[in-house]
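Written out below as structure tokens is the structure these notes cover.
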Amino acid sequence: MLYFRTQPDAALIPFVRQALDGELHAVQRVASRNDAEAWLVEYPAVGVLFTPYSALVTLEKLLVAHEASMVYRLTDYHWLLLYECLKNYCLWHNDQINDGLVSYTMLGGYRFGLVDFETMTDRYFWDQEFMELLYADAGEADCCPCREHTDWSDVDLSYGLRPHPDKLKLISVEETAWRIPEPEECGQWRLP
Numbered sequence: 212m213l214y215f216r217t218q219p220d221a222a223l224i225p226f227v228r229q230a231l232d233g234e235l236h237a238v239q240r241v242a243s244r245n246d247a248e249a250w251l252v253e254y255p256a257v258g259v260l261f262t263p264y265s266a267l268v269t270l271e272k273l274l275v276a277h278e279a280s281m282v283y284r285l286t287d288y289h290w291l292l293l294y295e296c297l298k299n300y301c302l303w304h305n306d307q308i309n310d311g312l313v314s315y316t317m318l319g320g321y322r323f324g325l326v327d328f329e330t331m332t333d334r335y336f337w338d339q340e341f342m343e344l345l346y347a348d349a350g351e352a353d354c355c356p357c358r359e360h361t362d363w364s365d366v367d368l369s370y371g372l373r374p375h376p377d378k379l380k381l382i383s384v385e386e387t388a389w390r391i392p393e394p395e396e397c398g399q400w401r402l403p
């Protein structure tokens, strides 16, 4: 299981699974074309940090971790990839409903109408600091190699290098501290 801020309920689990699986297949289609420009067009945010191959490997690891009984802490790279997966799936899902093709979808025995992506990320994501990965800049003083800098991954990203494999390791969580949502946060007509 992925270590979200709020413990995933039974409806979120199949939704995340479907989002990860759908994105895995979409990345496979783009990767099979061996077109670097198409990769950056299809995935402008993720394409900056991941090659198609590293995105595939990371998505597969996220799927395995999501299905596991053990809880895994994600790095900022994982959060960014998961964010993009959920955003893309919510857009596709809501388009299906808004276009009148279907009134809801069934996942894991749950009916999903319109899904509010922003509410989902507010409830289940710890923060959105992972978006800062997209703005690493070698020109900034705190990213300068000549200064004392403890984490060189920012410098690597600012020079266009990909994340080190150590930055893509999932870490098991021994003790979880799930956030408990307030009662008024539950029961919205739009999911989550």
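Numbering follows the numbering used here, with no gaps: position 169 of the sequence shown is 380.
Each residue gets a CB set at the ideal place from its N, CA and C atoms; glycine is no exception.
query: CA-to-CA distance, N309 to I224, given in whole angstroms; result: 23 angstroms
query: Three or more C-beta pairs below 8 angstroms linking the stretch 283-296 and the stretch 376-388; result: yes
query: Assumed close pair L270, L231 - CB separation to whole angstroms, cut-off 8 angstroms; result: 6 angstroms
query: Inter-residue Cα distance where the pair is D246 and S383; result: 35 angstroms
query: Where M281 falls, given that 16 or more other Cβ within 10 Å makes a residue buried; result: exposed
query: Continuous beta strand (DSSP E) assignments of at least 3 residues falling wholly in the stretch 295-319; result: 316-318
query: Terminal residues of the beta strand (DSSP E) in which R322 lies; result: Y321 to F323
query: Inter-residue spacing [alpha-carbon to alpha-carbon] between M212 and D306; result: 28 angstroms
query: Residue from A279, C296 and E278 whose Cα sits closest to the Cα of L267; result: C296
query: Endpoints, the alpha helix (DSSP H) within which V380 is located; result: Looking at the sequence provided, one finds Lys at residue 380 rather than Val. Where K380 is concerned, there is no enclosing alpha helix (DSSP H), given that its DSSP letter is neither H nor E.
query: DSSP-derived helix/strand/coil call for Y283; result: strand
query: Sub-8 angstroms separation of D261 and Y294 beta-carbons; result: Note on identity: in this sequence residue 261 is Phe, with Asp being the wrong assignment. Contact: no.
query: Where T387 sits in the DSSP three-state scheme; result: coil
query: Element boundaries [alpha helix (DSSP H), containing D327]; result: Where D327 is concerned, there is no enclosing alpha helix (DSSP H), given that its DSSP letter is neither H nor E.
query: Same chain only: Cβ atoms within 7 angstroms of H277, ignoring 5 sequence neighbours per side; result: M212, L213, V227, R228 and L231
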